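Engineer: Have a look at this one before I ask anything.
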């Protein structure tokens, strides 16, 4: 079977299989939420690590009665499958990477924000380094004067892929722990100061005794 045919089959079936896998895992797991109740009425930016993407869409559904979120997804082949899975769950996507300063990506993101959409960004995506922060989230938050919410999740039992992002797949019947920080602003901060503050909020889940 040629690579082209294989990719077509994966694009056709992969999103539905991924959708079912994610839902089955979530439904069989216990859930504990440590999330802010102070969700801004205006659009905000959610920041999450690339390796913790899989289950966080369920937490984002708790932020708004009606999901109105776009997620930045790479233009790579695996990004296409992820974007299709997200669409099945009611999420939009912006294809590309803000870390590379893509004018097209920024324009699409700004348009979504102006239309009332929240934005979810993996600041260490799409290719790392692991738990690093690219400039994109700072640029967007300061340009549009948006609040940021840092979001994390962990599982009591999980598989971890041998990938740069150490991608986590929870095992069925484990316990999922979700965390979302209070909204915070990086207005008036230098780029490095803003990155340190974002990292501080993301790291809090590791430092506090949530689990």
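Residue numbers (the working numbering): 26 to 236. Heads up, the beta-carbon is just placed ideally off N, CA and C, and yes, glycines get one too. Note that the structure is predicted; figures quoted are calculated from it, not measured.
1. So, at 6 Å on beta carbons, what are the nonlocal neighbours of residue 79 in its own chain, with the 5 sequence-adjacent residues on each side left out?
2. According to DSSP, simplified to helix, strand and coil, what is residue 244?
3. How would you write the range of the beta strand (DSSP E) that residue 201 sits in, first residue to last?
4. Write down every uninterrupted run of the alpha helix (DSSP H) in the stretch 62 to 148 whose length is 4 residues or greater and which is fully enclosed by it, in chain order.
5. For the candidate residues 222, 44, 113 and 72, whose alpha-carbon lies nearest to that of residue 178?
6. Which residue from 58, 220, 176 and 42 puts its Cα closest to that of residue 165?
7. Here's the rule I'm using: 16 or more other beta-carbon atoms within 10 Å means buried, otherwise exposed. How should residue 197 be labelled?
8. For the stretch 103 to 112 against the stretch 32 to 51, are there 3 or more C-beta pairs whose distance is under 8 Å?
9. Using a 10 Å radius around the Cβ and a threshold of 16 neighbouring Cβ atoms, would you call residue 27 buried or exposed?
10. Using only CA atoms, which one of 39, 225 and 167 lies nearest to residue 216?
11. Return the chain-ordered list of same chain residues with a C-beta closer than 6 Å to the C-beta of residue 150, the five sequence neighbours on each side being excluded.
12. Please report the distance separating the alpha-carbon of residue 94 from that of residue 31.
Structural biologist: Checking against the coordinates, here is how it stands:
1. Nothing listed; no residue qualifies.
2. Residue coverage of the chain in this structure runs from 26 to 236, which leaves residue 244 outside it and unanswerable.
3. 200 to 205 is the span of the beta strand (DSSP E), which, as asked, contains residue 201.
4. Counting only runs of 4 or more, we get 81 to 88, 102 to 113 and 128 to 139.
5. Cα-wise, what sits closest to residue 178 is 72.
6. Of all alpha-carbon atoms in 58, 220, 176 and 42, the one lying nearest the alpha-carbon of residue 165 is that of 220.
7. Flag for residue 197 reads exposed.
8. Contact between the stretch 103 to 112 and the stretch 32 to 51 is established, with three or more Cβ pairs separated by less than 8 Å.
9. Exposed is the call here.
10. Comparing alpha carbon positions, the residue from 39, 225 and 167 closest to residue 216 is 167.
11. Sequence-distant Cβ neighbours of residue 150 in its own chain, meaning closer than 6 Å and more than five residues away, are 75.
12. Roughly 31 Å separates the two Cα atoms.
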